[in-house]
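Reading through the structure tokens given below for one structure.
Residue numbers (the working numbering): 101 to 219.
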């Protein structure tokens, strides 16, 4: 009985005493409870910030799409460039992009397949 009342002499013995004494166990757990509460608060704050950031981003993208769709018509996609804004189009730029993709694929695909077969 006297050994239970004696002060622990090592950290290992200290932990053993804390685990077997309910009062000391509760006292030792208080800092953990505070830390867990702070972790939950911080996690909630991070989730709120992430959700609000995604919400703002979706709002901005939807506003751009709604305002931008009105300006897109077939003239923009099929007409050549022009100094007059109402007649201007992007057809040559679109076709240049398509040709660049086709030529790149024409050279890259055989080279890639040949390399894969060789390895």
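Just so it is clear, CB atoms sit at the ideal spot from N, CA and C, and this is done for glycine as well.
#### Entry: Nearest neighbour of residue 171, chosen from 186, 215, 159 [CA to CA]
For residue 171, the nearest C-alpha among the options comes from 186.
### Query
Taking the alpha carbon of residue 174 as the point to measure from, which residue in 218, 166, 188 has its own alpha carbon closest?
Ranking 218, 166, 188 by CA distance to the CA of residue 174 puts 188 first.
### Whole alpha helix (DSSP H) elements within the segment 147-200, 4-residue minimum
Taking only runs of at least 4 residues, the alpha helix (DSSP H) segments lying wholly in the segment 147-200 are 174-178.
### Query
Do the CB positions of residue 178 and residue 191 come within less than 7 Å of each other?
Yes, Cβ-Cβ distance for residue 178 and residue 191 is below 7 Å.
### Query
On the three-state DSSP scale, how would you describe residue 132?
Here residue 132 sits in helix by DSSP.
#### Entry: Helix, strand or coil at residue 211 according to DSSP, with G and I counted as helix
Annotated three-state conformation of residue 211 is helix, per DSSP.
### Task
Under 7 Å Cβ to Cβ from residue 180, same chain only, skipping five residues before and after it: list those, please.
Closer than 7 Å at Cβ, skipping near neighbours: 189, 191, 192.
### Message
Quick check on residue 203: does DSSP put it in helix, strand or coil?
### Response
Helix.
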